[in-house]
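Read top to bottom, the protein sequences are chains A and B. Numbering of the first sequence is given in our numbering, commencing with residue 228 and proceeding in unit increments. Numbering of the second sequence is given in our numbering, commencing with residue 194 and proceeding in unit increments. Report on one structure; see the data block that follows.
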Amino acid sequence: MKKILTPSVKCVLTLVIIAVVCVAALAILNDLLYVPPDFSAFSNAYEAEYDQVEVADVALTSGKVLLAVEGSDSQGKQLVGLYIESAGYGKAKAFTVIIVLEKDTGIILGSYIKEQGSSAAPYDYDESKLAVLNGTNVADIVPKDPEMVVTGATHSSYAVMNAFVTAQEYYQAVYGE
Amino acid sequence: MKVKELALDGIVRQNPALKLVLGTCSILALSNEAINGLGMGAAVTFVLICSNLVISILRNIIPDKVRIPAFILIIATFVTVVKMLLYYLGSKSAAIMGIYNAMGVFLPLIVVNCIILARAESFASHNTIGLSVMDGLFMGIGYTVALTLLGAVREILGNGSIFGVALWNFKIAFFTTPAGAFMTYGMFIALFTFVYDRIVRKQKLGGAKILKPKTTEV
């Protein structure tokens, strides 16, 4: 036994034992302190129950999808939720926007601006004008005039529009025909 | 008596931030607001106490040749615990989540904070459990007080607020920048050294012993 426990073996064994105990302690604590993902922010855009799905690797021109969820509302309508970081435009840095679409048609049912990038003016978001953004064709949702959608902050309006474009591009690539 | 000595060492004589100038990266980065300084100080104190405790318990078991990797393993475990704990508490309180987010990469980097490894190597691996825990506590308090005061000064001058509460509209943006951090930290060290030296000199002349420079027994 003494021959096996040379100083080098003893050193390695000590480190291995400490590492195993540390990993076991962390595993137990991780189990105790685990915080399940919170999708309540998606309900700010459209009230429903959501579950996380894997984000598809899709080429997008105007932003990136950070998180994707799927769910259904109380009437059984199937939904797709996207947490998008839009590309900034002009003075406006990236916005993070949550957009919920109907899974069958791609119509945008709701959106919620989670974080606003820096801009000269606060973004005056008008939900009642969201209807002009409905449609499955990316071309439909590019506004001819930013004033159609927002007032007060042109650069911010384009930054947010980028999020809508990203949502439609992602939908077309993953769920479209 | 020994506890008093340890307290004076940790908070004044060997203050990690102002006397030993250790862990300066996190000090400069997280002293932009008093609350961030307090949060970072609390996290470092927790890691210091726990790692000193475990290292002191294992001091006669860990072979000398692998003591540094073993210390790092133990310290890394407690840093991960702090990270998980802060995230858990942050999910219940937005204020804690704010501190967690502000700490960013500096939270996992506590692993390589010189203060913790230095105390493990120079104190905990040679002293009893009780003394090692006390050393961790007082070193942590010294670091926290320095970081919070530095954060408070920078926040008052740079943002016109203290702990997020607005005081006035007068702001000097320079103090919120890295250059401002360097300058304020330098002024703090200079002021601390000036006051400390004066007190020591006075005590030498007057024969008092309480702040006589002394290195911690190892």
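Where a beta carbon is used, it is the ideal one built from N, C-alpha and C, also for glycine. For clarity, every value in this text was computed on a predicted model and none was experimentally measured.
Put alanine 286/A into one of helix, strand or coil per three-state DSSP. Of the three classes helix, strand and coil, the one that applies to alanine 286/A here is coil, per DSSP.
Which class does leucine 211/B belong to by DSSP, given the choice of helix, strand or coil? Coil, per DSSP.
Just checking, does the region 297 to 305 of chain B make contact with the region 196 to 204 of chain B on the three C-beta pairs under 8 Å criterion? no
So, at 7 Å on beta carbons, what are the nonlocal neighbours of asparagine 389/A in its own chain, with the 5 sequence-adjacent residues on each side left out? Closer than 7 Å at Cβ, skipping near neighbours: Ser289, Gly290, Ser313, Ala314, Tyr316.
Could you name the residues that DSSP lists as bridge partners for aspartate 278/A? Glu297/A
Residue-level contact to chain B via CB, lysine 237/A, 7 Å cutoff: yes
Tell me the DSSP bridge mates of glutamine 396/B? Under DSSP, glutamine 396/B shares a beta bridge with no residue.
Three-way DSSP call (helix, strand, coil) for serine 354/B in this model: It is a strand residue.
Within 10 angstroms of the Cβ of aspartate 258/A, are there 16 or more other Cβ atoms? Answer buried if so, exposed if not. exposed
Since tyrosine 273/A sits in a beta bridge, which residues does DSSP pair it with? None; tyrosine 273/A has no bridge partner.
Using DSSP's beta-bridge definition, name the partner residues of isoleucine 311/A. Val292/A, Val324/A
Of all Cβ atoms in chain B, is any one closer than 7 Å to the Cβ of valine 327/A? no
Please name the residue in Gly283/B, Leu384/B, Leu360/B whose C-alpha comes closest to that of aspartate 265/A. Gly283/B
If I follow the unbroken alpha helix (DSSP H) through tyrosine 280/B, where does it start and stop? Unbroken alpha helix (DSSP H) run through tyrosine 280/B: 260 to 283.
Straight-line Cα distance separating leucine 223/B from threonine 337/B: Taking the straight line joining both Cα atoms gives about 11 Å.
Is the region 216 to 232 of chain B touching the region 332 to 351 of chain B in the sense that three or more CB pairs, one from each, lie closer than 8 Å? Verdict: yes, contact present.
Taking leucine 309/A and alanine 295/A to be in contact with their CB atoms under 8 Å, please state how far apart those CB atoms are, rounded to whole angstroms. 6 Å
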